[in-house]
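Participant:
Protein chains: 2
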Amino acid sequence: MWYPEPIQLLIDQLGRLPGIGPKTAQRLAFFLLKQPPEESRRLAQAIAEAREKIRYCSTCFNFTDIDPCAICRNPNRDPHLVMVVEQPKDVVAMERTREYKGRYHVLHGTLSPMEGIGPDALKIRELEARVAQEGIAELVIATGSSLEGEATALYLARLFQPMGVKVTRIARGIPMGGDLDYTDEATLLKAFEGRQEL
Amino acid sequence: MWYPEPIQLLIDQLGRLPGIGPKTAQRLAFFLLKQPPEESRRLAQAIAEAREKIRYCSTCFNFTDIDPCAICRNPNRDPHLVMVVEQPKDVVAMERTREYKGRYHVLHGTLSPMEGIGPDALKIRELEARVAQEGIAELVIATGSSLEGEATALYLARLFQPMGVKVTRIARGIPMGGDLDYTDEATLLKAFEGRQEL
């Protein structure tokens, strides 16, 4: 016990955050103790309030403060086009393009037999229900390009194609500004396979 | 506005922490939203309580929940020996050795004319008062070995030596387990100058 108890408790709690080791937790704790009290109180309050007000949208399972979420409520978004993503942050990434006008479905993970994550651990049953009820014409599978992301995409294609839904996958290829020289072989192969006529 | 307001607020507040960029703030926010509510509440509470209960020790200016702090209250610690450090975390680092039995004085910074930090911005007047009142025999200057740390050490030596106090400086040299090959010239020079008979 090198610290007074309230400091130790704060360091312990900060150290539970992902990517925050003991040294960083200590640095953050001292920062919080040194800044004006109202600043620290504002952070404490933001944490408590976010946790209290934010829930999952009962339709797309994105985070929201009002259910259904702003995107699901928006009559200008195409209800027949649904993009399937792994995490809420992927919705934000896609929204930044300002181009996508469909809706979303957040799986909250990928299939991972190694870690015992099967379809029931994700929001896949909920997606089946949406497909059955909402008249969805196209599912754009936008899971990541990891092994698990690709496997999940394949699983979803096999599940939904027999239901008469068009299932597409976002393109994999070299990133904008990317150099062939610095691109791995798997990406280059995908870029070649996905080539389009100019 | 890609996020519901409570999430944006949380990301903004987390982003004010040192070393936490927008991406990390987003990742932490999502982590806090996904973990059980009582976990997040515990962090919020730890922040609020630490900020409320922790103050500076009126003697040594270390963080404490009871004034004077546990070290200044401890009758087994030598009151005639005071180690001067930059920050509260330096006290913790030194206490880990379990060998030092004197007391401390936390400056809360180093002199830095470039940044306009003069003696009055640090707890140097308070140290003068302690030297005058507490019968301190030796001040061990344990500021860091940066330019500012060394300058502060020199300043303190010049200030307190005329008052009849022995002023010492912690040794600078190669770290334990250190390799000469990987040690910079300035450190090697200090290690040579500080050589001791075996």
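Residue numbers (our numbering), protein chains in the order written: chain A, 54 to 251; chain B, 54 to 251. Even for Gly, the Cβ is constructed at its ideal location relative to N, Cα and C.
1. Less than 7 Å between CB atoms is the rule here; does E187 (chain B) satisfy it with respect to chain A?
2. From the DSSP output, read off the bridge partner residues of V159 (chain B).
3. If we define contact as Cβ-Cβ less than 7 Å, is F114 (chain A) a contact residue for chain B?
4. Based on the DSSP output, what are the partners of S165 (chain A) in its beta bridges?
5. Would V145 (chain B) and F114 (chain B) be called neighbours here (beta carbons separated by less than 7 Å)?
6. Determine, for A103 (chain B), whether the minimum Cβ-Cβ distance to residues of chain A falls below 7 Å.
7. In whole angstroms, what separates the C-alpha of Q214 (chain B) from that of R178 (chain B)?
8. In chain order, what residues of the same chain have a beta carbon less than 6 Å from the beta carbon of T112 (chain B), not counting five sequence neighbours either side?
9. In the DSSP assignment, find the beta strand (DSSP E) that holds R222 (chain A) and state where it starts and stops.
10. Touch check for the segment 91-104 of chain B and the segment 66-74 of chain A: three-plus C-beta pairs under 8 Å?
11. What separation, rounded to the nearest whole angstrom, lies between the Cα atoms of E191 (chain A) and R104 (chain B)?
12. If you draw a straight line from the C-alpha of Y235 (chain B) to the C-alpha of P75 (chain A), how long is it?
13. Among A:G226, A:E152, A:M167 and A:R211, whose alpha-carbon lies nearest the alpha-carbon of E181 (chain A)?
14. Which whole runs of the beta strand (DSSP E) in the segment 82-147 of chain B are 3 residues long or more, in chain order?
15. Using beta carbons (cut-off 7 Å, strictly below), is R211 (chain A) in contact with chain B?
16. Using beta carbons (cut-off 7 Å, strictly below), is I100 (chain A) in contact with chain B?
17. Which chain A residues are close to T205 (chain B), counting only those with a beta carbon under 7 Å from its beta carbon?
18. Mapping the DSSP letters down to three states, classify E58 (chain B) as helix, strand or coil.
19. Could you spell out where the alpha helix (DSSP H) holding E187 (chain B) opens and where it closes?
20. By a C-beta neighbour count over all protein chains shown, 10 Å radius and 16 as the cutoff for buried, is T150 (chain B) buried or exposed?
21. Determine which residues of the segment 121-145 of chain A have a Cβ less than 9 Å from any Cβ of chain B, and write them out in chain order.
22. I want to see whether chain B comes within less than 7 Å of A97 (chain A), judged by CB atoms only; does it?
23. Determine the chain B residues that contact E148 (chain A) at a beta-carbon separation under 9 Å, and present them in chain order.
24. Using the beta-carbon of each residue, which ones in chain B are nearer than 7 Å to K106 (chain A)?
25. From K243 (chain A) to M167 (chain A), what distance separates their C-alpha atoms?
26. Mark M229 (chain B) as exposed unless 16 or more other C-beta atoms lie within 10 angstroms of its C-beta, in which case mark it buried.
Facilitator: Reading it off the structure:
1. Stepping through the second sequence from its first residue, residue 187 (chain B) is reached at position 134. Taking Cβ atoms only, chain A never reaches closer than 7 Å to E187 (chain B), which makes this a no.
2. Here residue 159 (chain B) is taken as the residue at index 106 of the second sequence, counted from 1. V159 (chain B) pairs with B:V138.
3. Working through the first sequence from its first residue, we reach residue 114 (chain A) at position 61. By this cut-off, F114 (chain A) is not an interface position.
4. Residue 165 (chain A) sits at position 112 when you count from the first residue of the first sequence. In DSSP, S165 (chain A) forms a bridge with A:I170.
5. For this step, residue 145 (chain B) is matched to residue 92 along the second sequence. For this step, residue 114 (chain B) is matched to residue 61 along the second sequence. It is not a contact, given that the beta carbons lie outside the stated cut-off.
6. For the purposes of this step, residue 103 (chain B) is taken as residue 50 along the second sequence, with counting starting at 1. Chain A, which has a Cβ nearer than 7 Å to the Cβ of A103 (chain B), makes this yes.
7. Here the question's residue 214 (chain B) lines up with position 161 in the second sequence. Here the question's residue 178 (chain B) lines up with position 125 in the second sequence. Roughly 15 Å between the two C-alpha positions.
8. Sequence index remark: in the second sequence, residue 112 (chain B) carries index 59 (1-based). Same-chain partners within the cutoff: P121 and C125.
9. Locating residue 222 (chain A) in the first sequence gives position 169, counting from the first residue. Looking at the DSSP string, the run of the beta strand (DSSP E) that includes R222 (chain A) is K219 to R222.
10. yes
11. As a working mapping, residue 191 (chain A) is identified with position 138 in the first sequence. As a working mapping, residue 104 (chain B) is identified with position 51 in the second sequence. One C-alpha to the other measures close to 52 Å.
12. If you number the second sequence from 1, residue 235 (chain B) lands on position 182. If you number the first sequence from 1, residue 75 (chain A) lands on position 22. About 26 Å.
13. As a first step, residue 181 (chain A) is located in the first sequence; it is residue number 128 there, counting from the start. Of the listed residues, the one whose Cα sits closest to E181 (chain A) is A:R211.
14. 131-138
15. On the first sequence, position 158 is the one that residue 211 (chain A) refers to. Not closer than 7 Å to any Cβ of chain B, the Cβ of R211 (chain A) fails to qualify, so no.
16. One-based indexing of the first sequence puts residue 100 (chain A) at position 47. I100 (chain A) counts as touching chain B.
17. For the purposes of this step, residue 205 (chain B) is identified with residue 152 of the second sequence, where counting begins at 1. Under the 7 Å cutoff, chain A gives no residues; its nearest Cβ is about 19 Å from T205 (chain B).
18. The residue you call residue 58 (chain B) lines up with position 5 of the second sequence. Here E58 (chain B) sits in helix by DSSP.
19. Here residue 187 (chain B) corresponds to residue number 134 of the second sequence, with the count starting at 1. Residues I177 to E187.
20. For the purposes of this step, residue 150 (chain B) is identified with residue 97 of the second sequence, where counting begins at 1. That one is exposed.
21. C122, A123, Q140, P141, K142, V144 and V145
22. Counted from its first residue, the first sequence places residue 97 (chain A) at position 44. Chain B, which has a Cβ nearer than 7 Å to the Cβ of A97 (chain A), makes this yes.
23. For the purposes of this step, residue 148 (chain A) is taken as the residue at position 95 of the first sequence. Per Cβ cutoff of 9 Å: W55.
24. Position 53 of the first sequence, counted from the start, is the residue given in the question as residue 106 (chain A). Correct list: P59.
25. Stepping through the first sequence from its first residue, residue 243 (chain A) is reached at position 190. Stepping through the first sequence from its first residue, residue 167 (chain A) is reached at position 114. So the two alpha carbons sit approximately 25 Å from each other.
26. In the second sequence, residue 229 (chain B) corresponds to position 176, counting from 1. M229 (chain B) comes out exposed.
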